[in-house]
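**Student:**
There are 2 protein chains.
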Amino acid sequence: MTSVSSDGEGITLTELQLATRNHGLPLEALRWPVTPIGLHYVLVHYDIPQVDPAAFRLEIGGHVRRPLSLTLGEIRARPAVEITTTMECAGNGRALLTPRPLSQPWLAEAVGTARWKGARLAAVLAEAEVLDGGVEVVFTGLDRGVEGDVEQQFERSLPLGETLSGDAIVAYEMNGQPLPPQHGFPLRLVVPGWYGMTNVKWLAGVTVVTTPFAGHQQAHAYRIRLDEDDAGVPLTRMLPRALLVPPGIPDFPTRVRTVPVGPCVLEGRAWSGWGPIVGVDVSTDGGETWGEAELGEDEGRWSWRPWTYPWAPSAPGDHVLACRARDASGNVQPDEPIWNVGGYANNAVQRVPVRVAD
Amino acid sequence: MTSVSSDGEGITLTELQLATRNHGLPLEALRWPVTPIGLHYVLVHYDIPQVDPAAFRLEIGGHVRRPLSLTLGEIRARPAVEITTTMECAGNGRALLTPRPLSQPWLAEAVGTARWKGARLAAVLAEAEVLDGGVEVVFTGLDRGVEGDVEQQFERSLPLGETLSGDAIVAYEMNGQPLPPQHGFPLRLVVPGWYGMTNVKWLAGVTVVTTPFAGHQQAHAYRIRLDEDDAGVPLTRMLPRALLVPPGIPDFPTRVRTVPVGPCVLEGRAWSGWGPIVGVDVSTDGGETWGEAELGEDEGRWSWRPWTYPWAPSAPGDHVLACRARDASGNVQPDEPIWNVGGYANNAVQRVPVRVAD
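Protein chains in written order, with this note's numbering: chain S, 1 to 358; chain L, 359 to 716.
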């Protein structure tokens, strides 16, 4: 398999197989502050494991003084925290790149927000007593497959400092229910602000290591590489992005939107893993001119921020709507994507063509 | 937009937009007898409406003596029935046709099984007292869009006899929970054995009519038409189909399967809207020879039937697995699909390539 599409090539059968299994957030579902189960984006690398919760153990080990083997009941018995966090796939926007890296072909919809409940990762690690010399923590999922010709379970690492200071939890509930199978039942890692691949599902192993983890998902995949010779840098936190609810009504199957002449309120949500959202700009003329949206209530540091923008098209005609988020760290969405080998982190501004009709 | 793909054309952006919104059943989820929420296939023609349940009313009217306007509470107060039923999109298999009708590009995964709870449709109609001369019942959803250049809400009809004698319900629960938004919250029609388009979501109107309904989804879409000049016949019940859980482990992103040498048990499920499943045949050599699977427990007339088939590949090599269902009405899955304009009801046998490795 080649790694990018050839000139003008349509979506391949390989990409379609992934697109029919995995799914994004239908953009009208941006209306919900917490995404209902089944609408939150899902990406599964291998197969969804079917896990017996009674036999399940979370093994915490490696460079620690007191390795732990915890049942679900033991994890649930620990002090619980609940965090509402927006999660986005690092590959969101991939299918809008030219040439198109061949993998899950996301457009702009690989996102969702959930209420996750679990035990603090830092507290669990403190109980295991990490020894001096630990540098990273490796998280191992139960999902198994082949990738880059290597048979593996899905594994990612975090710097030790991030695990001890951050808001990360080992989560057993999503939106007040046990995790659905596709979101990691019975247990997953949730690391607020980081791209989806960090949030290891079907989490079964937490291992402190003394040298940087060199597994496939850390050393080869999920890195920004500008060409095949570039070793690249690992993806970490989510870049800012705003998305709008496509207004009016859609055509089936083209999804072209029709909006009536007259006042309407454009609405959407915006998020960033690097800092709170400080502004959203909206354009109704394809990016020639921009106006500032009104930000809605702040629903917590890790949850997307709602915004609205009044619009009143006065005559029939075609428009291209666009929106652009800015965060407190000074990051702004670019007009055009930065191409990279894996097709990651394309946070170029969303463009939504609409037809205004009488 | 042309209605079919051109020679060798890859999946188009139009199809991809649908594929990232709607999703199928990841085939490993055939392991669950009742599909967990979020894994059941979803097809939404327009946008998912956000419905205020307090303001919601189901209007039953048309050619009846006593029109009814029912709140959700009033519907829930009626005698409840719960049915476990397998539901499949009429477009399942579309993307495997050549040329490919351009719509939601399903491969083989547009299916799921749920426990639906609600009030019997026949009882509600009896209460409204259908007048002599009624021939059909039209079901109107709250989802609105444009299709075939006509602005419309999604509407489908059933023959009156089918509504009075069948097991259809107006459902407010799925798997013991309120309907998720994407499955029709707060109310949907469920007609066991019929293709998905029959099961109108966000159901707000039930109207008895005295002439056959000629709306878009009845007169133009969801018909088997062999060419553009063919008026065609409407789709009704699901043809038989068996699907198997792809064994072994997948490659990401190609999903090529690797299975170890030695015994394994192939498993899957089979269903038909025309009659109980009486047998499933399995091939491990691409359809040259077939053996009979063992049927598992019958989980009710409308639920898919589990099956197993022992296999013991003795040497490394490539295989194509296939399975084929037969029902009590004498229907058998064909080896090759019957092409039709809308790309409906392609129940040709599933083929799963696997690599047996040491």
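Ideal placement from N, C-alpha and C gives every residue a C-beta, glycine not left out. Model, not experiment: these values are computed from the prediction.
So what does DSSP say about E59 of chain S, is it helix, strand or coil?
**Tutor:** If you number the first sequence from 1, residue 59 of chain S lands on position 59. Strand.
**Student:** For the beta strand (DSSP E) holding E9 of chain S, just list the boundary residues, first then last.
**Tutor:** If you number the first sequence from 1, residue 9 of chain S lands on position 9. Segment: none, E9 of chain S is in no beta strand (DSSP E) and carries neither H nor E.
**Student:** For K475 of chain L versus Y399 of chain L, is the C-beta distance shorter than 9 Å?
**Tutor:** Translated into positions along the second sequence, residue 475 of chain L becomes position 117. Translated into positions along the second sequence, residue 399 of chain L becomes position 41. Cβ distance not < 9 Å, so K475 of chain L and Y399 of chain L don't count as in contact.
**Student:** Find the residues of chain L that neighbour L18 of chain S, judging by a C-beta separation of less than 9 Å, and give them in chain order.
**Tutor:** Stepping through the first sequence from its first residue, residue 18 of chain S is reached at position 18. Neighbours of L18 of chain S on chain L, chain order: F610, P611 and R613.
**Student:** Taking the CB atoms as reference points, tell me whether G368 of chain L and A466 of chain L lie closer together than 9 Å.
**Tutor:** On the second sequence, residue 368 of chain L is found 10 positions in, with the first residue counted as 1. On the second sequence, residue 466 of chain L is found 108 positions in, with the first residue counted as 1. No, the Cβ-Cβ distance between G368 of chain L and A466 of chain L is not below 9 Å.
**Student:** Look at the Cβ atom of V566 of chain L, then the Cβ atom of V482 of chain L, and state whether they are nearer than 9 Å.
**Tutor:** By one-based count along the second sequence, residue 566 of chain L stands at place 208. By one-based count along the second sequence, residue 482 of chain L stands at place 124. No, the Cβ-Cβ distance between V566 of chain L and V482 of chain L is not below 9 Å.
**Student:** For the putative contact between R355 of chain S and D318 of chain S, defined by C-beta atoms under 8 Å, what is the C-beta separation to the nearest angstrom?
**Tutor:** Here residue 355 of chain S is taken as the residue at index 355 of the first sequence, counted from 1. Here residue 318 of chain S is taken as the residue at index 318 of the first sequence, counted from 1. Rounded, the Cβ-Cβ distance is 6 Å, consistent with contact.
**Student:** What residues from chain L crowd round P36 of chain S, counting only those whose CB sits closer than 8 Å?
**Tutor:** In the first sequence, the residue the question calls residue 36 of chain S occupies position 36. Those are P538, P539 and Q540, listed as they occur along chain L.
**Student:** Taking 8 Å as the cut-off, does the region 696-715 of chain L touch the region 592-601 of chain L (at least 3 CB pairs, one atom from each stretch)?
**Tutor:** The answer is yes - the region 696-715 of chain L touches the region 592-601 of chain L, with three or more Cβ pairs under 8 Å.
**Student:** What does the Cβ neighbour count give for E650 of chain L, buried or exposed, with the cut at 16 atoms within 10 Å?
**Tutor:** Taking the first residue of the second sequence as position 1, residue 650 of chain L is located at position 292. Answer is exposed; the Cβ neighbour count stays below 16.
**Student:** List, in order along the chain, the chain L residues whose C-beta lies closer than 8 Å to that of H319 of chain S?
**Tutor:** Sequence index remark: in the first sequence, residue 319 of chain S carries index 319 (1-based). Chain L residues near H319 of chain S: none, gap ~17 Å exceeds 8 Å.
**Student:** Could you tell me if Q462 of chain L is buried or exposed, where buried requires 16 or more neighbouring beta carbons within 10 angstroms of its beta carbon?
**Tutor:** Stepping through the second sequence from its first residue, residue 462 of chain L is reached at position 104. It counts as buried.
**Student:** For T2 of chain S and P692 of chain L, I'd like the C-alpha separation in whole angstroms.
**Tutor:** Along the first sequence, read from residue 1 onward, the residue named residue 2 of chain S stands at position 2. Along the second sequence, read from residue 1 onward, the residue named residue 692 of chain L stands at position 334. With a pLDDT of 47 at T2 of chain S, under the threshold of 50, the predicted position of this residue should be treated as unreliable, and no value is reported.
**Student:** Which residues share a DSSP beta bridge with F610 of chain L?
**Tutor:** Locating residue 610 of chain L in the second sequence gives position 252, where the first residue counts as 1. DSSP, once it has assigned bridges, lists S:E147 as partnering F610 of chain L.
**Student:** Looking only at C-alpha atoms, which of S:T98, S:V146 and S:P33 sits nearest to R115 of chain S?
**Tutor:** For the purposes of this step, residue 115 of chain S is taken as residue 115 along the first sequence, with counting starting at 1. Residue S:P33 is the option with its Cα nearest to R115 of chain S.
**Student:** Hey, could you find the ends of the alpha helix (DSSP H) Q462 of chain L is sitting in?
**Tutor:** Position 104 of the second sequence holds residue 462 of chain L. Careful: Q462 of chain L lies outside any alpha helix (DSSP H) and carries neither H nor E.
**Student:** Check the Cβ-Cβ distances between D405 of chain L and every residue of chain S, and say whether any is below 9 Å.
**Tutor:** Residue numbering aside, residue 405 of chain L sits at position 47 when the second sequence is read from its first letter. It does: the Cβ of D405 of chain L has a partner Cβ on chain S nearer than 9 Å.
**Student:** Which runs of the alpha helix (DSSP H) at least 4 residues long sit entirely within the region 205-256 of chain S? Give them in chain order.
**Tutor:** Fully enclosed alpha helix (DSSP H) runs of 4 or longer: 216-219.
**Student:** Since A221 of chain S and T378 of chain L are thought to touch, with beta carbons under 8 Å apart, how far apart are those beta carbons, to the nearest angstrom?
**Tutor:** Here the question's residue 221 of chain S lines up with position 221 in the first sequence. Here the question's residue 378 of chain L lines up with position 20 in the second sequence. About 21 Å; that fails the 8 Å criterion.
**Student:** Could you check if G626 of chain L belongs to the surroundings of the ligand GDP, using beta carbon to heavy atom distance under 8 Å?
**Tutor:** The ligand GDP is absent from the structure shown, which contains no ligands of any kind.
**Student:** Less than 9 Å between the C-beta atoms of N533 of chain L and L547 of chain L, yes or no?
**Tutor:** What you label residue 533 of chain L is simply residue 175 of the second sequence in a count that begins at 1. What you label residue 547 of chain L is simply residue 189 of the second sequence in a count that begins at 1. Result no, Cβ atoms of N533 of chain L and L547 of chain L do not sit closer than 9 Å.
**Student:** Could you please tell me which residues of the region 82-109 of chain S, in chain order, have their CB closer than 8 Å to any CB of chain L?
**Tutor:** The region 82-109 of chain S vs chain L, Cβ under 8 Å: A95, L102, S103, Q104, P105, W106, L107 and E109.
**Student:** So is R324 of chain S in contact with chain C if we call contact Cβ pairs under 9 Å?
**Tutor:** Reference to chain C is not applicable here, since the protein chains of this structure are S and L.
**Student:** Which whole-angstrom value is the C-beta distance of Q217 of chain S and V44 of chain S, which I expect to be below 8 Å?
**Tutor:** For the purposes of this step, residue 217 of chain S is taken as residue 217 along the first sequence, with counting starting at 1. For the purposes of this step, residue 44 of chain S is taken as residue 44 along the first sequence, with counting starting at 1. With a Cβ gap of about 13 Å, Q217 of chain S and V44 of chain S do not count as contacting.
**Student:** Would you check if the distance between the CB atom of W302 of chain S and the CB atom of C323 of chain S is smaller than 9 Å?
**Tutor:** Numbered from 1 along the first sequence, position 302 holds the residue referred to as residue 302 of chain S. Numbered from 1 along the first sequence, position 323 holds the residue referred to as residue 323 of chain S. For W302 of chain S and C323 of chain S, no; Cβs fall outside 9 Å.
**Student:** Which of the three DSSP states is assigned to T642 of chain L in this structure?
**Tutor:** As a first step, residue 642 of chain L must be located in the second sequence, where it is residue number 284. In this structure, T642 of chain L counts as coil in the three-state DSSP scheme.
**Student:** Which class does P386 of chain S belong to by DSSP, given the choice of helix, strand or coil?
**Tutor:** Any answer about residue 386 of chain S is impossible in this case: the structure gives chain S only from 1 up to 358.
**Student:** If you check the beta carbons only, do G554 of chain L and E446 of chain L fall under 9 Å apart?
**Tutor:** Mapped onto the second sequence, residue 554 of chain L falls at position 196. Mapped onto the second sequence, residue 446 of chain L falls at position 88. For G554 of chain L and E446 of chain L, yes; Cβs fall inside 9 Å.
**Student:** Using a threshold of 9 Å, state whether the C-beta atoms of R663 of chain L and V638 of chain L are closer than that.
**Tutor:** Working through the second sequence from its first residue, we reach residue 663 of chain L at position 305. Working through the second sequence from its first residue, we reach residue 638 of chain L at position 280. Against a cut-off of 9 Å, the Cβ pair of V638 of chain L and R663 of chain L comes out as a contact.
**Student:** Per DSSP, what kind of secondary structure is T360 of chain L in: helix, strand or coil?
**Tutor:** On the second sequence, position 2 is the one that residue 360 of chain L refers to. Confidence is the limiting factor: at T360 of chain L the pLDDT is only 47, short of 50, which leaves the residue's position unreliable, though a coordinate-based value still follows. Looking at T360 of chain L - three-state DSSP - the assignment turns out to be coil, as it is neither helix nor strand.
**Student:** If we cut at 9 Å on Cβ distances, does L371 of chain L have a partner in chain S?
**Tutor:** Taking the second sequence and counting its residues from 1, one reaches residue 371 of chain L at position 13. So yes, L371 of chain L belongs to the interface.
**Student:** Identify the residues that DSSP records as bridge partners of L189 of chain S: which are they?
**Tutor:** Counting from 1 along the first sequence, the entry for residue 189 of chain S is found at position 189. DSSP output for L189 of chain S lists S:V170 as bridge partner(s).
**Student:** Just to make sure I have the definition right: I need the residues of chain L whose C-beta is within less than 7 Å of the C-beta of E28 of chain S. Which are they?
**Tutor:** Locating residue 28 of chain S in the first sequence gives position 28, counting from the first residue. Residues of chain L passing the Cβ test: D405 and I406.
**Student:** Please go through the same chain and pick out, in chain order, the residues whose beta-carbon is closer than 8 Å to the beta-carbon of P276 of chain S, but skip the five residues on each side of it.
**Tutor:** Here residue 276 of chain S refers to the residue found at position 276 of the first sequence. Answer for P276 of chain S: D298, R301, R305, D327 and A328, listed in chain order.
**Student:** Checking contacts by CB at 9 Å: is I527 of chain L closer than that to chain S?
**Tutor:** Start at 1 with the first residue of the second sequence, and residue 527 of chain L comes out as number 169. False, the Cβ-Cβ gap to chain S never drops below 9 Å.
**Student:** Among L:P425, L:R458, L:S672 and L:R514, which one has its Cα closest to the Cα of G573 of chain L?
**Tutor:** Walking along the second sequence from the start, residue 573 of chain L turns up at place 215. For G573 of chain L, the nearest C-alpha among the options comes from L:R514.
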